[in-house]
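Residue numbering for the sequence shown follows our numbering, beginning at -9 and increasing consecutively. Every residue, glycine too, gets a C-beta built ideally from N, C-alpha and C. What follows is one structure encoded as structure tokens, with my remarks underneath.
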Amino acid sequence: MIDGVKKVPLLRHADDRGYVTEILRCDSPHFIKFGQIYVATCRRNVVKAWHCHQRQTDHFFIVKGTAKIGLYDDRPGSPTNGEYNQFILGEEGENILLAIPPMVWHGQMGLSEMSYLINIPTEPYNRQEPDELRKGIDELEDIWSIKNR
């Protein structure tokens, strides 16, 4: 796994009324600080990639639907430089919080009709000076195409 990325297993407390999942707590060992919370949707087979942050750590959780999250590490000196990771999160995937450290490229692809991603980044979005670097979808390896196995 890419250095600094964390897969945090989450408990789903379910009964006949529904369920509750605690996503991130201020007393969790992986908690850094709070910036903001937002939800981002993604339609089936749509890819939103690639970007990274210079300061921000993202915390992704899929609350509805299923999505593929892709990561790429090109940080100089990183022990996992050149490594890609892929995770399937949500209803048909893992019930985890995915912590993505600064300077790790990432994106998402909707695998269900609509997926709903909650992100709890460590920094609030700054419209005047966004903490975001971008690459085109074709600038990195194609990890988004579905391949028969």
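Following the DSSP letters along the chain, one finds residue 29 inside the beta strand (DSSP E) bounded by residues 28 to 33. Taking the CA atoms as reference points, residue 23 sits about 5 angstroms from residue 112.
Excluding five sequence positions before and after residue 76, the CB atoms of its chain that fall closer than 8 angstroms to its own CB belong to 58, 59, 60, 61 and 133, given in chain order. Put simply, of 43, 48, 40 and 10 the residue whose alpha carbon is nearest the alpha carbon of residue -3 is 48.
Proximity of the stretch 34 to 51 to the stretch 97 to 106 meets the contact definition, three or more beta-carbon pairs being nearer than 8 angstroms. Straight across, the Cα-Cα distance linking residue 15 with residue 42 is about 24 angstroms. The alpha carbon of residue 123 has as its nearest neighbour, out of 94, 108, 9 and 106, the alpha carbon of 94. For the options 118, 39, 67 and 81, the alpha carbon positioned closest to that of residue 128 is the one of 39. A Cβ-Cβ contact shorter than 8 angstroms links residue 91 with residue -6.
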